[in-house]
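Numbering (full-length UniProt numbering), first residue to last: 1 to 436.
Where a beta carbon is used, it is the ideal one built from N, C-alpha and C, also for glycine.
Following: one structure in structure tokens, then a few remarks.
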């Protein structure tokens with residue numbers, strides 16, 4: 001197993017002198033944090049975390065690996081992805097890099113190529129990559145215009161079962177809410193209940209937006225479904241559905257989870273409008289996920305002109321208001337984003353730069369671990385806890401600057417206390433799909 005160190009081949013062993021983000025410990029009491037990092041010895045027994053001790057206090061008789069102050073994180077949560085459309089770039093590119101160019105070319109590729117076999121092969125490739133990078137929990141949005149919803153959710157359900165012991169998977173139906181009063185929506189809701197999915201969608205500034213949101217919230221409540229929406233992914237100041245979603249949740253007394261992604265146009269509002277919107281989002285208990293890499297790539301793209309803004313939402317202001325905030329990878333090698341590898345380390349490195357999440361960095365680790373796992377209802381996956389599974393990611397980097405300055409290609413991913421094979425799939429595996 002390649003990496004910067006060798007793990008003991010023993011059922012019980014210790015990771016000595018580990019540096020752990022304090023926010024990633026289920027219980028950080030008794031540890032003194034510096035820049036949000038603590039020093040600990042972690043004892044692993046039979047695939048579980050047996051003890052988390054102050055550095056230098058693990059039993060001397062235990063087999064051990066000396067981390068030499070290297071970092072230890074829980075496995076990552078990538079809470080907003082699109083593994084159904086990933087890796088189609090080589091056969092369907094975005095000709096101008098714009099949002100409309102992405103929409104049009106994904107639609108053309110979907111109509112021409114998205115058979116069950118095609119979707120399954122690309123999903124499998126994506127999950128191999130995510131697993132090798134250290135992801136343990138992943139939520140994907142699935143394009144759900146008919147008849148694709150039946151194909152993709154059936155493939156996803158098989159994939160979820162096949163990958164259950166490696167990555168826990170969730171899926172959201174992505175469709176336009178201008179279809180919500182059509183018979184299709186009733187059929188989609190039944191499909192989601194059958195496949196244990198979530199209601200998703202793209203909100204638009206329609207004249208009857210409130211009625212459409214009420215229909216969505218009632219359907220979600222009646223069927224026990226949570227909601228995860230694509231919201232205001234535009235630089236257009238006139239498009240601001242975010243506050244209307246929050247009001248709809250309050251108006252309907254909806255008790256399920258509601259996540260909103262992107263929310264780009266919030267950053268284009270005047271201060272009073274932004275504050276009012278953030279206040280109602282906080283009151284309604286919405287969760288917000290920012291997709292910094294994809295939004296910086298797509299937003300404010302105009303031919304021959306340098307972009308004037310970063311394309312992301314008011315992340316700090318939302319967090320300061322008590323809104324649960326996270327970041328995620330979004331699209332991977334498709335017309336919406338030509339790059340990426342479903343690596344949460346790349347996501348957090350870029351998020352720190354794009355969103356200026358340093359000064360301080362003390363709790364930054366939460367945005368790909370604790371907070372998104374909590375939003376997805378699987379909070380135990382986002383922390384290192386005594387009694388929990390020894391699903392960990394080990395780094396040679398000791399401090400924030402070291403961690404954020406390199407890709408950490410030599411990381412070790414542990415599942416159930418054992419290092420995994422971190423070999424990434426070869427892009428050549430996809431070649432047969434690109435000849436269509």
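A residue is called buried once 16 or more other Cβ atoms fall within 10 Å of its Cβ, and residue 178, having fewer, is exposed. Between residue 131 and residue 168, the alpha-carbon positions lie close to 10 Å from each other. The residue from 43, 68, 385 with its alpha-carbon nearest to that of residue 61 is 43. Measuring C-alpha to C-alpha distances from residue 339 to each of 319, 199, 294, 328 identifies 294 as the nearest.
For residue 235, the three-state secondary structure derived from DSSP is coil. The stretch 267 to 275 and the stretch 202 to 213 do not touch, with fewer than 3 CB-CB distances between them shorter than 8 Å. With 16 or more neighbouring CB atoms inside 10 Å of its own CB, residue 189 falls in the buried class. Between the alpha carbons of residue 229 and residue 59 lies a distance of about 49 Å. In the displayed model, residue 160 falls within a helix according to three-state DSSP. When only Cα atoms are considered, residue 119 and residue 145 end up about 15 Å apart. In the DSSP assignment, residue 293 falls within the unbroken alpha helix (DSSP H) covering 292 to 298. Under the DSSP assignment, residue 104 falls in the alpha helix (DSSP H) whose first and last residues are 99 to 113.
The straight-line gap separating the alpha-carbon atoms of residue 278 and residue 176 is approximately 24 Å. In this structure residue 143 is not in contact with residue 232, their Cβ atoms being roughly 19 Å apart against a cut-off of 8 Å.
Nearest C-alpha to residue 420 among 307, 246, 133: 133. About 6 Å separates the CB atoms of residue 86 and residue 333; that is less than 8 Å, so the two are in contact. Selection 382, 174, 160, 368 evaluated against residue 124 yields 160 as nearest (Cα-Cα).
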